[in-house]
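What follows is one structure encoded as structure tokens, with my remarks underneath.
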Amino acid sequence: MDTIKKLNKWANSHTSFALDIFRIVLGAFIFYKGMNFSVHTNYLYEILNPLDEWLGTVMIVHYVTMAHLAGGILIVIGLITRVAVLAQIPALIGAVLINFIGVMNPVNLIAALVVLLACLFFTFYGSGKHSVDYVLKMQM
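Count the sequence shown with our numbering and you get residues 14 to 153, in order.
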């Protein structure tokens, strides 16, 4: 808990409006992908086809969709951002690995890598000053 307090103090002293906008755009993109996966479930099953013999694809499809939908909203508003971002990391690592196991799609690979790196950044940075977390912290 002490480490999280130190990270929050560092993030609040080094915050900028651009990073908050970047967090909001990241959350919106993740939410969009979750909506896209929920509408086009067959596409997600097609992407996961190379892993069909190893893992339960139904569980993965539901995890990825729900993690993206709920996590995207939480990241946009800045509520429990670190937890929401940590929930995205397994799905994003899987997205990167799918490009190497299945058919390589450079656009999807680059998008997955950029979002993964952004999520790793916000794991340490937190939600910033323009977030629900900051408002709730100031009320205590």
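Ideal Cβ placement from N, Cα and C applies to all residues, glycine included. Since this is a predicted model, take the numbers as computed values, not measurements.
In this structure the region 71-83 does not touch the region 114-134; the number of beta carbon pairs closer than 8 Å is below three.
Counted as a single uninterrupted DSSP element, the stretch harbouring T28 is not any alpha helix (DSSP H), since DSSP gives it neither H nor E. The straight-line gap separating the alpha-carbon atoms of G91 and A97 is approximately 9 Å. If you check the CB distance, L129 and I102 come in under 8 Å. Taking C-beta separations shorter than 6 Å and ignoring five residues to either side along the sequence, the partners of A100 in its chain run A80, G84, following chain order. In the three-state reduction of the DSSP assignment, M153 falls in the coil class, being assigned neither a helical nor a strand state.
Within the same chain, Cβ atoms closer than 7 Å to the Cβ of V109 are found at L122, A125, L126, L129, the five residues on either side in sequence being excluded.
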